[in-house]
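To keep things clear, I will list the structure first and then write my remarks on it.
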Amino acid sequence: GQNIDQPTEMTATEGAIVQINCTYQTSGFNGLFWYQQHAGEAPTFLSYNVLDGLEEKGRFSSFLSRSKGYSYLLLKELQMKDSASYLCALHNTDKLIFGTGTRLQVFP
Amino acid sequence: SAVISQKPSRDICQRGTSLTIQCQVDSQVTMMFWYRQQPGQSLTLIATANQGSEATYESGFVIDKFPISRPNLTFSTLTVSNMSPEDSSIYLCSVVGLAGGIYNEQFFGPGTRLTVL
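For the record, the sequence lines run as chains R and F. Under our numbering, the first sequence has 49 at position 49, and the numbering climbs by one with no breaks. Adding 1000 to a residue's 1-based position in the second sequence gives its number in our numbering.
Next comes the structure, spelled out in structure tokens:
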């Protein structure tokens, strides 16, 4: 199976840094995606990790460790507009298997 | 990137009826998928829509309940048959991104919000 777990909810304050974790158990996958989803909207792409290590893209960074079955999304300099759900997803032969999702609330 | 539209955007249906959701892409894509997102939850893959052949369903989803068509490389439909309130959900189609990148990013349609009474 591919149990993909994330914390259900997180809160943070504007300007802070938050790390959203994603742990999984799977026999193999091509890579790991992170998506952002605002309420009532479709998910939008944030990052894709194939190799172990950190991928940085502006205020967002994503990390993958295949040996540890672990990924995280790091959001820096939080803004109110970052309040959304964040979904990790394993990419396996073109299919995406989504994690449980983390709802992040950013407060002033 | 690909532009994806879905029809209808939302609907309220009676128990026992069926609803067909359309997904149109502005360019030819190889892979199309249908997902379900129940209230407050993450996305669950229903099936892969295969052009010219039967869809490939994930565990827990069957063709009789969710028949899928994909007549060409830009269009697909998902039917939710014999609906019950448990089918109330958002249904999203997605496509694999166009060639050229080092990975196959998936783009999502805006979703169809279905409420079954």
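By construction, the Cβ of each residue, glycine as well, lies at the ideal position given by its N, Cα and C atoms.
Starting from Thr11(R), trace the beta strand (DSSP E) both ways and give me its first and last residue. 9-13
Buried versus exposed call for Val106(R) [16 or more other C-beta atoms within 10 Å across all chains shown]: buried
Taking the straight line between their C-alpha atoms, what separation do you get for Arg66(R) and Gln25(R)? 10 angstroms
Cβ distance (whole Å) where Ala1047(F) is taken to contact Phe1066(F) below 8 angstroms: 7 angstroms
I'd like the list of long-range same chain contacts for Cys1023(F), defined as Cβ closer than 6 angstroms, with 5 residues on each side in sequence excluded. Gln1006, Ser1076, Cys1093, Gly1109
Check the Cβ of Leu46(R) against every Cβ in chain F and list those closer than 7 angstroms, keeping chain order. What Leu46(R) touches in chain F: nothing, since even the nearest Cβ is about 10 angstroms away.
Backbone CA spacing between Ser1089(F) and Gln1028(F) [nearest angstrom]: 27 angstroms
Counting only Cβ-Cβ distances shorter than 9 angstroms, please list the residues of the region 76-108 of chain R near chain F, keeping chain order. Ser85, Leu87, Ala89, His91, Asp94, Lys95, Leu96, Ile97, Phe98, Gly99, Thr100, Gly101, Arg103
Counting contacts by CB-CB distance shorter than 8 angstroms, is Ala16(R) in contact with chain A? The displayed structure is made up of protein chains R and F, and chain A is not among them.
How about Met1083(F): is its C-beta nearer than 8 angstroms to some C-beta of chain R? no
Tell me the DSSP bridge mates of Phe107(R)? Thr13(R)
Go ahead and pull the three-state DSSP assignment for Met1032(F). strand
Counting beta carbon pairs with one atom in the region 90-107 of chain R and one in the region 8-23 of chain R, are three or more of them shorter than 8 angstroms? yes
By how many angstroms is the C-alpha of Ile17(R) removed from the C-alpha of Arg1070(F)? 44 angstroms
For chain F, check one thing: does any of its Cβ atoms lie closer than 8 angstroms to the Cβ of Pro7(R)? no
Starting from the beta carbon of Val1096(F), find every residue of chain R whose beta carbon is closer than 8 angstroms, and list them in chain order. Asp94
For a contact defined as C-beta to C-beta under 7 angstroms, what are the partners of Ala42(R) on chain F? Leu1092, Phe1108, Gly1109, Pro1110, Gly1111
Length of the line joining the Cα atoms of Leu1117(F) and Ile1012(F): 7 angstroms
Would you please verify whether the beta carbon of Thr1074(F) is less than 8 angstroms from any beta carbon of chain R? no
Thr1017(F): buried (16+ other C-beta within 10 angstroms of its C-beta) or exposed? exposed
Where Pro1071(F) sits in the DSSP three-state scheme: strand
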